[in-house]
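Engineer: Letter by letter, the sequence shown follows residues 851 to 1295 of the working numbering. Ideal Cβ positions, reconstructed from N, Cα and C, are used throughout, including at glycine.
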Amino acid sequence: MNTLGWLGLAGLGAAVTAGWSYIKTLWMQISGLLIVTFVVEYGAAEALLIYLGDNLRLVRVGPRLYHGTYFHVKSLNRVQLVAFELLNQLGALYFSGWKPLWIGRMRSKTDKDNNATNSIFPDALMVSFLRGMWDADTLVNEAVTHYNRLRQNPANGIQSARHFVKRVYGISHKRSLMHRDGDTTPTIQKNEGSATVFRATRPVGVERDDLGRVNNYNGLDSLALSPQVTEAVKELRRWIKSETWYRSHGVPWRRSWQLNGRWGNGKTALARCLAEELDLPLFIFDLASLANDEMQAAWSEMLSNVPCMALLEDIDNIFDGRKTLVGDLTFDCLLNCLDGIERADGLFVVITTNHPEKIDPSLGVADSTGRSTRPGRVDRALEMTDPDEAGRMKIITRILAEWPLTWPEVLAASAGETGAQIQERCSQLALRLFWETDHREAIHD
């Protein structure tokens, strides 16, 4: 073929390409008049999946996709493997009466940037429907309202799904776990089970309401707290209900405690129980692994979840006064997080230490009257003391309830012990008596 022939073919190809591009653009414009398409991401995508599963009829397209994770089943009162059906790669067709709604998976921006394969949990959904059959704003709003109602208004004493525990690590911890180098984003360890429930189309063989723990146990009732700490807990319960008052009076709606005392007297246990009772997301910061930029990024992300709680454990292992003992985090960075420029309304901070004498007064310690030296950073400095006689009896009567004759002896023997030591003493005695009396036959089996 001569040069003119090749030029002719090239011109024909260019004309076909231009024509096809024109036809494609025209088709997209015409179809846009008939079909409405929009994208929902992350939390809104979770909400939409739950709403559609609860209110519309699902017509599956393509092969089914299942995922299994261990979850607590309330009716069985145990953790076991639960299967969930997920949205497959081809998407799904939902119907409300005769009105169809098409849902398709989209690849998340994070996966695209990292050249990763699609997650089994879609971070984004593409929604399509015939114009006039649905309204995008109404659909998304109804989905979010339904989702919030499920999470915030639990029935039958089920703990609200708002409370969760996340551990925040820095890059040094990630490298030790063979994470890829160069990623400076702090790791926030999430609960996979919770993600499965709210990103699946449905659980298999069990109702979604049967998943999760029943909150029929108040952990605070099991703790032997001093009168000072008991009063502080009452104050905190009032604080969580007083947002309107704080805002109307121009007072920052936040609280912060320093809990000090020797190990075993319930500093961490108190923090966890408060987060559960007040239904607050709990962020536990691994200060030893966090650098300044990581701490600031993780702190900012946490504030998007207010009201919430931050737990900074054993701070005396990280700082001696202002001197950093372990890791790269500086004391000034910590102070900037605690009272920095970002609004922290709804934040409750708990700092624990076994050695309050190592805490710099600028952070906040107890003065001679028991008040904090730096309200705003630390509002209350509370000592978690060894249980007094009333506190010891509270632990003893709870664990040894069936054997009251043992109480006086255990009370005398436990003087000067921590709460954890008393609990262990009582548990071992109660278990021995339990098996020696009512369950002799089981011992011989």
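(1) Report the three-state DSSP secondary structure of Val1054 (helix, strand or coil).
(2) Going by CA-CA distance only, name the one from Leu1153, Ala1216, Met1145, Arg1193 that's closest to Phe1181.
(3) Looking at the structure shown, is Leu936 part of a helix, part of a strand, or coil, going by DSSP?
(4) Between the beta-carbon of Glu1163 and the beta-carbon of Thr1118, is there less than 8 Å?
(5) Buried or exposed, going by whether 16 or more other CB atoms sit within 10 Å of the CB of Asn1115?
(6) Whose C-beta lies closer than 8 Å to the C-beta of Cys1187 among residues of the same chain, with five residues either side of it excluded?
(7) Along the beta strand (DSSP E) that carries Pro1131, what are the first and last residues, could you check?
(8) Could you please give the first and the last residue of the uninterrupted beta strand (DSSP E) stretch that includes Val977?
(9) Take every Cβ of the stretch 923-940, pair it with every Cβ of the stretch 1067-1087, and state whether three or more of those distances are shorter than 8 Å.
(10) For a test of the three-state rule: what should DSSP assign to Asn1110, helix, strand or coil?
(11) For Gly1266, which residues of its own chain have a beta-carbon under 8 Å away from its beta-carbon, when the five flanking residues on both sides are left out?
(12) Please classify Pro1225: is it buried, with 16 or more other beta-carbons within 10 angstroms of its beta-carbon, or exposed?
(13) How big is the Cα-Cα spacing for Phe1284 and Glu1274?
(14) Could you name the residues of the same chain whose beta carbon sits closer than 6 Å to that of Gly912, not counting the 5 residues immediately before and after it, in chain order?
(15) List the DSSP bridge partners of His917.
(16) Between the alpha carbons of Pro950 and Glu896, how many angstroms are there, rounded?
(17) Going by DSSP, what residues sit across from Val890 in a beta bridge?
(18) Is Val923 closer than 8 Å to Leu975 when the C-beta atoms are compared?
Structural biologist: Reading it off the structure:
(1) By one-based count along the sequence shown, residue 1054 stands at place 204. In this structure, Val1054 counts as strand in the three-state DSSP scheme.
(2) Counting from 1 along the sequence shown, the entry for residue 1181 is found at position 331. If we check each option's Cα against that of Phe1181, Met1145 comes out closest.
(3) As a working note, residue 936 is residue 86 in the sequence shown. Correct three-state label for Leu936: strand.
(4) As a working mapping, residue 1163 is identified with position 313 in the sequence shown. As a working mapping, residue 1118 is identified with position 268 in the sequence shown. The beta carbons of Glu1163 and Thr1118 sit closer together than 8 Å.
(5) If you number the sequence shown from 1, residue 1115 lands on position 265. Label assigned to Asn1115: buried.
(6) Translated into positions along the sequence shown, residue 1187 becomes position 337. Met1145, Gln1146, Trp1149.
(7) Walking along the sequence shown from the start, residue 1131 turns up at place 281. Pro1131 -> no beta strand (DSSP E), and no H or E assigned at all.
(8) The count along the sequence shown starts at 1 and reaches residue 977 at position 127. From DSSP, the beta strand (DSSP E) with Val977 extends over 974-980.
(9) no
(10) As a first step, residue 1110 is located in the sequence shown; it is residue number 260 there, counting from the start. Here DSSP, grouped into helix, strand and coil, assigns Asn1110 to strand.
(11) Here residue 1266 refers to the residue found at position 416 when the sequence shown is read from its first residue. For Gly1266, where only same-chain residues beyond five positions count, the Cβ hits under 8 Å are Asp1236.
(12) Position 375 of the sequence shown, counting from 1, holds the residue named residue 1225. Classification for Pro1225: exposed.
(13) Numbered from its first residue, the sequence shown carries residue 1284 at position 434. Numbered from its first residue, the sequence shown carries residue 1274 at position 424. In this model, Phe1284 and Glu1274 are separated by some 15 Å (Cα to Cα).
(14) Translated into positions along the sequence shown, residue 912 becomes position 62. Closer than 6 Å at the Cβ level, and outside the excluded window around Gly912, lie Asn938, Leu940.
(15) Sequence index remark: in the sequence shown, residue 917 carries index 67 (1-based). For His917, which the question treats as bridged, DSSP gives the partners Phe934.
(16) As a first step, residue 950 is located in the sequence shown; it is residue number 100 there, counting from the start. As a first step, residue 896 is located in the sequence shown; it is residue number 46 there, counting from the start. Cα to Cα, Pro950 sits roughly 20 Å from Glu896.
(17) Taking the first residue of the sequence shown as 1, we reach residue 890 at position 40. Answer by DSSP bridge pairing, in chain order: Leu975.
(18) Taking the first residue of the sequence shown as position 1, residue 975 is located at position 125. Taking the first residue of the sequence shown as position 1, residue 923 is located at position 73. For Leu975 and Val923, no; Cβs fall outside 8 Å.
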